[in-house]
Amino acid sequence: YELMKLLSSVMQQSGSAANASAAGASSAAVTPVTVRSAATIATMLPIICLYPFLQRYFVTGLTIGGVKE
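Pasting the structure below:
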């Protein structure tokens with residue numbers, strides 16, 4: 004929940020800063036799409052890092068929850 008709040012505030016600040024600044028070379032490098040892409044990667048990274056360690060529990064749960072007919 005805290006990560007989502009932080010990323011939302013960063014995206015709002017970057018959008019307002021991009022609108023307020025002039026169209027210079029340095030402001031063109033940081034667009035709202037770039038910030039959104041970075042936020043997506045920052046959100047996915049912990050999940051990707053934890054999945055290999057928790058994969059056996061997912062497989063066990065799927066095996067137990069499977070229905071044999």
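Numbering (this note's numbering), first residue to last: 4 to 72.
Don't be surprised by glycine CBs; every beta carbon is placed ideally from N, CA and C.
Remember, it's a predicted structure, so these values are computed and weren't measured experimentally.
| Item | Value |
| --- | --- |
| Rounded to a whole number of angstroms, what is the C-alpha to C-alpha distance between residue 70 and residue 62? | 14 angstroms |
| Under a three-way DSSP split, which group does residue 71 fall into? | coil |
| So which of 67, 14 and 53 has the shortest CA-CA distance to residue 40? | 14 |
| In this structure, how does DSSP classify residue 62 when only helix, strand and coil are distinguished? | helix |
| Pick helix, strand or coil for residue 34, following the three-state DSSP scheme. | coil |
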